[in-house]
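Position 8, counted from 1, in the sequence shown is what this note's numbering calls 8; the numbers after and before it change by one each time, with no gaps. Written below as C-alpha cells is the structure these notes are about.
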Amino acid sequence: MKIVGVLALQGAFIEHVQYVQQCIEKSGYALEVKTVRTPSELSSCDALIIPGGESTAISQIAERNELLGPLQKFVQQPEKAVWGTCAGLIFLASELTNEANLVRNLGCLKVAVKRNAFGRQSHSFVADLDFSSFLPGGEAFPTVFIRAPVVEKILGDDVQVLHSIQSPSGGDLVVAVRQGNVLGTSFHPELADDIRFHDWFLKEFVI
C-alpha cells in the first residue's frame, strides 16, 4: 500500500489530509494518508503534499526539525510524487523573484515564482476555473487564492503550464504547472468544497 504524506509543519495540512482521506474512502484506493513532521515519517512516503501557509515559516521549521535536507532529497526522486499548493509552490520553486533569501526552498520545480502576486490578505478571492481538460465532471473548479504566488517564468523545457488566468493589467498569470512527477498550484484546492483536484493528483501521480 502506498503512503501519501502531508507536510504538517504549518499551514492548511489538516484539510489536505481530510480531502485525501475522502478520495480514498470514495474510490477505495489502496492508499494511506499521514502527516509528516520528521525525517523518519517522510522516508516511508511514496508521495508528499506541501500545503499552503507561510513559506518562510515552513522553510525555517523544516530546517529546525532537520527535515530540510531529507525534503530536498525526496523531491528529487523521480519515483516520488510531489504537490505544492500556494506556499508549497513557493517552497518547491527553483527561483523566487521577490524574496530576500528568507526561504530556503527545495528548488526542484524549474520555475521563477513571485510571492503575494495579488496583494494582501484582503485581496484574496475565489475564481471558478475550467480544468475540464483533465478534471472530470465538467463543472468549473472553485480556486481559492489567498496571498497567492504566480509563476512568472518557466525555466525548464519539461515544465508544462496547466492553467493561466487573465491579469487585471493584461497578459496571462500562470497558476498551475507540472514537471514530471511534481505539481504546483498557486491556489488552495484543499479549501474548495470539491475533492476533484485531489482525486486527479492521486490517480495521475500516485496510483
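Cβ atoms here follow ideal geometry from the backbone N, Cα and C, with glycine treated the same way. Because the structure is a prediction, the values reported are computed rather than measured.
Burial of E190 is indicated by the presence of at least 16 other C-beta atoms within 10 angstroms of its C-beta. For Q166, the pairing in a beta bridge is given by DSSP as D172.
Per DSSP, E152 is one residue of the beta strand (DSSP E) stretching across V150 to I154. Listed in chain order, the alpha helix (DSSP H) elements of length 4 or more contained wholly in the segment 27-59 are 39-43. Rounded to whole angstroms, the separation of the alpha carbons of H163 and L173 is 9 Å. In chain order, L31 place their CB closer than 6 Å to the CB of I24, counting only its own chain and leaving out the 5 sequence neighbours on each side.
For L129, the enclosing beta strand (DSSP E) begins and ends at F125 to L129.
Closest in alpha carbon position to C108, among S43, F118, V20 and G156, is G156.
Residues of the same chain with their beta carbon placed closer than 6 Å to that of S169 are lacking, with the five preceding and five following residues left out of the count.
Collapsing the DSSP output to three states places K80 in coil. As a beta-bridge residue in DSSP terms, F141 pairs with L129. Judged by their CB atoms, V177 and Q166 are not nearer to each other than the 8 Å cut-off. Spanning the alpha carbons of D194 and D128 requires a straight line of approximately 12 Å. When the beta-carbon positions are compared, I3 and S40 stay at least 8 Å from each other. For L92, no beta strand (DSSP E) run applies; the uninterrupted alpha helix (DSSP H) run containing it begins and ends at A87 to L92, by DSSP. Straight-line spacing of the CA atoms in L89 and Y29 works out to 26 Å. DSSP places K73 in the uninterrupted alpha helix (DSSP H) bounded by L68 to V75.
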